[in-house]
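Notes follow once the structure below has been shown.
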DNA sequence: CTGGCCCTCCTACCAAGGGAGGAGGGCGTC
DNA sequence: GACGCCCTCCTCCCTTGGTAGGAGGGCCAG
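Residue numbers (UniProt numbering), protein chains in the order written: chain C, 1 to 226; chain G, 1 to 226.
Quick look at the structure:
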């Protein structure tokens, strides 16, 4: 008995998914959530009893991938697959980067969708072949509005902010950072606030956790290089 | 009739691959190259007659992913799968970013390797599930024995404190933890204070970082067990 | 040169974190 | 029963973290 959950604010779409799953995966039950908040609440209660969360990227309380980031942080053990109308290659990559175990375009035909789900539930990873298969960057035309994730979010930080983030990541206090960098504590606060805003997190702890998923030092070195 | 090419500077390894493919994909022929230069030359001559290039990341004339980048630029239409000893998550992601259609660790068992090849040849994408599945995790590979000091410090925590620490480690605020555990915020503070004292750290961030060096969930489970 | 971004620092204010100390109740052990 | 440890919660108090807003100076691109 596997347990799935679909988080989508569109009732009709949830119904459609439910129908597909009921027909194709009889040995499973499906929970529904219409917001990220609800999904997280449910998932928390179920814990390990939830095998897979199908997450829409259009949720009202989760601006695209940012919601996935929050979710991954709160419940790192929960397998999450993206179910989205968005088919941009970068979005797919960033979703995987954030730890999604699959990415299913909503345009996927029913049989393929089922096959994808089955593969994911078996521990595989599913990505839309037709999206991934071709050139890395066909058109840089359609960007800048992306919700930003790890890499892109890091890229938005200024050099100084990265320096501060490194210290944060070592558990330093604002005061300590100020001493180390020889700037005023108020300045450190300014930087920290900017970091939190740009990373889209709400506390320094969360920033630290996010930073922990990357090799900050390496990133900084690479950056200096170019 | 599908045509494959393996580019690896290690003759023995090329032989091994050749054997696997000969046995598992009888309807195919395999070309061999011992350098990126040779591989590109051959591929250029064959053009569309080459269905897949298996590229090692240890080639002498191609420093890791840099070689893949050059290759992709010169022959964007050629499907390339990475075949590498490297199993780092970041490397895998970057390879895919660069347009690789698959990533096969050299440690992959023979059957899985064949299955991966078949999937790739069918237009699918293959990534090593065991690598991708656990994203931000550091390294379960190394240790069965946590640094003694760490373990002893953890052992000093009561069950409730561990529960709180887990939430801390997810970036939760005291208020949030209180809600989750359904206790007063002051109680949470009491627990946090105790945690800091017993772990010998000075702030919640440091506690989180310390906790991050352990698999808390596993530790808790193990503890419940005895 | 103007506008934009960055870094610096400030004030002021509010929220969150953390310490000290005390208190009651539960549970297990000597 | 007494002791100890844990969990719960409280008050009082201080420190730290974080936001808002403003301000000056440097640097660079249009």
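Every residue gets a Cβ at the ideal spot worked out from N, C-alpha and C, and that includes glycine. As the structure is a prediction and not an experimental result, all values here were calculated from the model.
{"Item": "Scan the UniProt domain \"HTH luxR-type\" (150 to 215) of chain C for residues whose Cβ lies nearer than 7 Å to a Cβ of chain G and list them as they occur along the chain.", "Value": "171, 173, 203, 204, 205, 206, 208, 209, 212 and 213"}
{"Item": "Which complete alpha helix (DSSP H) runs does the UniProt domain \"Response regulatory\" (3 to 121) of chain G hold, if anything under 4 residues is left out?", "Value": "11 to 24, 36 to 46, 65 to 74, 89 to 97 and 110 to 121"}
{"Item": "Sort 171(C), 35(C) and 24(C) by Cα distance to residue 6(C) and report the nearest one.", "Value": "35(C)"}
{"Item": "Go to residue 195(G), then tell me how far its alpha helix (DSSP H) extends in each direction, as first and last residue.", "Value": "185 to 199"}
{"Item": "In terms of residues, what are the limits of the alpha helix (DSSP H) holding residue 171(G)?", "Value": "Counting along the chain, residue 171(G) falls outside any alpha helix (DSSP H), and DSSP gives it neither H nor E."}
{"Item": "Does the Cβ of residue 8(C) have 16 or more other Cβ atoms within 10 Å, making it buried, or fewer, making it exposed?", "Value": "buried"}
{"Item": "Would you check if the distance between the CB atom of residue 51(C) and the CB atom of residue 2(C) is smaller than 8 Å?", "Value": "yes"}
{"Item": "Taking the continuous alpha helix (DSSP H) assigned at residue 210(C), which residues delimit it?", "Value": "204 to 212"}
{"Item": "Quick check: the Cα distance between residue 135(G) and residue 80(C), rounded to an integer number of angstroms?", "Value": "Because the pLDDT of residue 135(G) is 39, which lies under 50, any placement of that residue in the model is unreliable, and the number read from its coordinates should be weighed accordingly. Taking the straight line from one Cα to the other gives about 12 Å."}
{"Item": "Using a threshold of 8 Å, state whether the C-beta atoms of residue 4(G) and residue 42(G) are closer than that.", "Value": "no"}
{"Item": "What's the gap between the Cα of residue 278(C) and the Cα of residue 182(G)?", "Value": "Summary: the structure shown does not reach residue 278(C), with chain C confined to residues 1 through 226, and so no result is reported for it."}
{"Item": "Write down the C-beta distance between residue 114(C) and residue 83(C) rounded to the nearest angstrom, noting that I regard them as a contact closer than 8 Å.", "Value": "Not really, about 13 Å apart at Cβ, beyond 8 Å."}
{"Item": "Please classify residue 15(C) as buried or exposed, where buried requires at least 16 neighbouring CB atoms within 10 angstroms.", "Value": "exposed"}
{"Item": "Here's the rule I'm using: 16 or more other beta-carbon atoms within 10 Å means buried, otherwise exposed. How should residue 227(C) be labelled?", "Value": "Lying outside 1 to 226, the shown extent of chain C, residue 227(C) is not represented and no answer is given."}
{"Item": "For the segment 185 to 201 of chain C against the segment 172 to 189 of chain G, do three or more pairs of beta-carbon atoms, one drawn from each stretch, fall closer than 8 Å, so that the two count as touching?", "Value": "no"}
{"Item": "Cutting at 8 Å between CB atoms, please list the residues of its own chain near residue 96(C), excluding the five before and the five after it.", "Value": "103, 125 and 127"}
{"Item": "Looking only at C-alpha atoms, which of 207(G), 121(G), 120(G) and 23(G) sits nearest to residue 161(G)?", "Value": "207(G)"}
{"Item": "What residue from 39(C), 173(C), 118(C) and 172(C) has the CA that sits closest to residue 24(C)'s CA?", "Value": "118(C)"}
{"Item": "Quick check on residue 91(C): buried or exposed, where buried means 16 or more other Cβ atoms within 10 Å of its Cβ?", "Value": "buried"}
{"Item": "Would you decide whether residue 26(C) is buried or exposed? Buried here means 16 or more other CB atoms lie within 10 Å of its CB.", "Value": "exposed"}
{"Item": "Comparing C-alpha positions only, which one of 179(C), 176(C), 171(C) and 175(C) sits nearest to residue 211(C)?", "Value": "171(C)"}
{"Item": "Measuring CB to CB, does residue 40(G) end up less than 8 Å from residue 71(G)?", "Value": "yes"}
{"Item": "So the candidates are 116(C), 75(C), 67(C) and 37(C); which of them puts its Cα closest to the Cα of residue 49(C)?", "Value": "75(C)"}
{"Item": "By Cβ distance, which residues of its chain are closer than 7 Å to residue 194(G), with the 5 residues on each side in sequence left out?", "Value": "161"}
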